[in-house]
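Read the structure below first, then the notes.
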Amino acid sequence: AQSVSQHNHHVILSEAASLELGCNYSYGGTVNLFWYVQYPGQHLQLLLKYFSGDPLVKGIKGFEAEFIKSKFSFNLRKPSVQWSDTAEYFCAVTLNNNNDMRFGAGTRLTVKP
Amino acid sequence: EPEVTQTPSHQVTQMGQEVILRCVPISNHLYFYWYRQILGQKVEFLVSFYNNEISEKSEIFDDQFSVERPDGSNFTLKIRSTKLEDSAMYFCASSEGQGSLGAWETQYFGPGTRLLVL
Numbered sequence: 001a002q003s004v005s006q007h008n009h010h011v012i013l014s015e016a017a018s019l020e021l022g023c024n025y026s027y028g029g030t031v032n033l034f035w036y037v038q039y040p041g042q043h044l045q046l047l048l049k050y051f052s053g054d055p056l057v058k059g060i061k062g063f064e065a066e067f068i069k070s071k072f073s074f075n076l077r078k079p080s081v082q083w084s085d086t087a088e089y090f091c092a093v094t095l096n097n098n099n100d101m102r103f104g105a106g107t108r109l110t111v112k113p
Numbered sequence: 114e115p116e117v118t119q120t121p122s123h124q125v126t127q128m129g130q131e132v133i134l135r136c137v138p139i140s141n142h143l144y145f146y147w148y149r150q151i152l153g154q155k156v157e158f159l160v161s162f163y164n165n166e167i168s169e170k171s172e173i174f175d176d177q178f179s180v181e182r183p184d185g186s187n188f189t190l191k192i193r194s195t196k197l198e199d200s201a202m203y204f205c206a207s208s209e210g211q212g213s214l215g216a217w218e219t220q221y222f223g224p225g226t227r228l229l230v231l
């Protein structure tokens with residue numbers, strides 16, 4: 001079945017550790033890829049997005065993601081996390097000419113001070 | 114920076130009652146969406162709306178649900194006869210465009226309405 005998979009349900013890191021959150025999708029064809037973040041008590045906010053061009057995408061707050069088409073992956077990275085990065089992170093996909101945004105289950109990140 | 118707003122933030126209702134969830138999309142956006150997230154589960158697409166009609170809907174969006182843009186600013190989701198399993202966080206989103214237009218299709222989300230059906 002077509003889906004978006006986030007491999008890690010809960011990740012716990014210490015401040016300054018490096019972060020990589022996995023995201024794989026199983027849709028064929030051209031996709032648009034997104035990472036959203038939801039800080040505690042707040043709404044979904046766009047971190048970064050990929051539509052075309054350079055597969056390494058830089059987003060806000062020092063986050064980046066790399067689209068690897070051959071692996072159907074769009075992993076989120078940050079070289080050094082901060083306590084304020086504690087949040088839930090959602091990978092999402094839309095297909096071209098399609099409004100239906102499919103979300104992964106989310107990864108909860110806890111950063112210990 | 115313009116934002117999507119939603120009211121109410123919380124709603125408690127009795128099973129079988131009708132509820133209307135309200136959203137004000139970003140003003141120059143043309144596409145509007147509703148999603149829901151049942152506690153502990155994925156965010157799920159419900160419906161998208163463009164040019165005063167539904168453009169796509171998921172299998173969740175059955176006859177109990179309807180959407181409307183009653184005026185130039187509001188976008189509403191109505192659940193006609195709520196069921197216990199309708200308890201969820203409901204998110205509204207909007208985008209300038211859709212699909213192959215690329216950057217236009219980035220969806221911006223509201224803060225959500227938490228619906229509890231008793």
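Chains V and E, in that order, are what the protein sequence lines are.
Residue numbering for the first sequence follows the numbering used here, beginning at 1 and increasing consecutively.
Residue numbering for the second sequence follows the numbering used here, beginning at 114 and increasing consecutively.
Think of the CB as a built atom: it goes at the ideal place given N, C-alpha and C, for glycine as much as any other residue.
Just so we're clear, the structure is a prediction, and the values are computed from it rather than from any experiment.
{"Check": "Rounded straight-line distance, which links the Cα of E/Asn187 to that of E/Thr118", "Outcome": "10 Å"}
{"Check": "Nearest candidate by alpha-carbon position, reference V/Tyr89, set E/Gln124, E/Lys170, E/Lys155", "Outcome": "E/Lys155"}
{"Check": "Chain V residues whose Cβ lies nearer than 8 Å to that of E/Lys155", "Outcome": "Phe103, Gly104, Ala105, Gly106"}
{"Check": "Neighbouring residues, chain V, relative to E/Pro224 (Cβ below 8 Å)", "Outcome": "Gln42, His43"}
{"Check": "V/Ser70 in three-state terms, based on DSSP", "Outcome": "helix"}
{"Check": "Segment contact, 8 Å Cβ cut-off, at least three pairs: the segment 6–22 of chain V with the segment 71–85 of chain V", "Outcome": "yes"}
{"Check": "Beta-bridge partners of V/Thr86, as assigned by DSSP", "Outcome": "None; V/Thr86 has no bridge partner."}
{"Check": "Cutoff 6 Å; reference E/Arg193; Cβ partners in own chain excluding five residues on either side", "Outcome": "Glu131, Gln177"}
{"Check": "V/Tyr36, enclosing beta strand (DSSP E) - first and last residue", "Outcome": "31–38"}
{"Check": "Proximal residues to E/His142 (C-beta, below 8 Å), its chain only, five neighbours per side dropped", "Outcome": "Ser207, Ser208, Glu209, Tyr221"}
{"Check": "Close Cβ partners of E/Arg182 (< 8 Å) along its chain, the five nearest in sequence each way excluded", "Outcome": "Phe145, Phe162, Asn165, Phe188, Thr189"}
{"Check": "Beta carbon proximity, V/Leu46 to chain E, threshold 8 Å", "Outcome": "yes"}
{"Check": "Any C-beta of chain E under 8 Å from that of V/Asn8", "Outcome": "no"}
{"Check": "Buried/exposed call for V/Met101, threshold 16 Cβ in 10 Å", "Outcome": "buried"}
{"Check": "Beta bridge counterpart(s) of E/Val160 as assigned by DSSP", "Outcome": "E/Trp147, E/Lys170"}
{"Check": "Coil, strand or helix - V/Ile60 by DSSP", "Outcome": "helix"}
{"Check": "Among V/Leu48, V/His43, V/Cys23, V/Tyr27, nearest to V/Phe34 - alpha-carbon criterion", "Outcome": "V/Leu48"}
{"Check": "Outcome for E/Glu198 when other beta-carbon atoms lying within 10 angstroms are tallied against a minimum of 16", "Outcome": "exposed"}
{"Check": "Proximity winner among E/Glu218, E/Phe204, E/Ser200, relative to E/Val125 (alpha-carbon distances)", "Outcome": "E/Ser200"}
{"Check": "Contacts that V/Asn24 makes with chain E (C-beta to C-beta distance below 7 Å)", "Outcome": "Those within 7 Å of V/Asn24 in chain E number zero; the least Cβ separation is about 15 Å."}
{"Check": "Chain-ordered neighbours of V/Asp100 on chain E, where CB pairs are closer than 8 Å", "Outcome": "Phe158, Ser161, Glu169, Ser171"}
{"Check": "Closest by C-alpha distance to E/Glu169, when choosing among V/Ser5, V/Ser3, V/Asn98, V/Val111", "Outcome": "V/Asn98"}
{"Check": "Chain-ordered neighbours of V/Phe67 on chain E, where CB pairs are closer than 8 Å", "Outcome": "Near V/Phe67 there are no residues of chain E at all, since even the closest Cβ is about 14 Å away, more than 8 Å."}
{"Check": "Residue-chain proximity (E/Tyr203, chain V), Cβ-Cβ < 8 Å", "Outcome": "no"}
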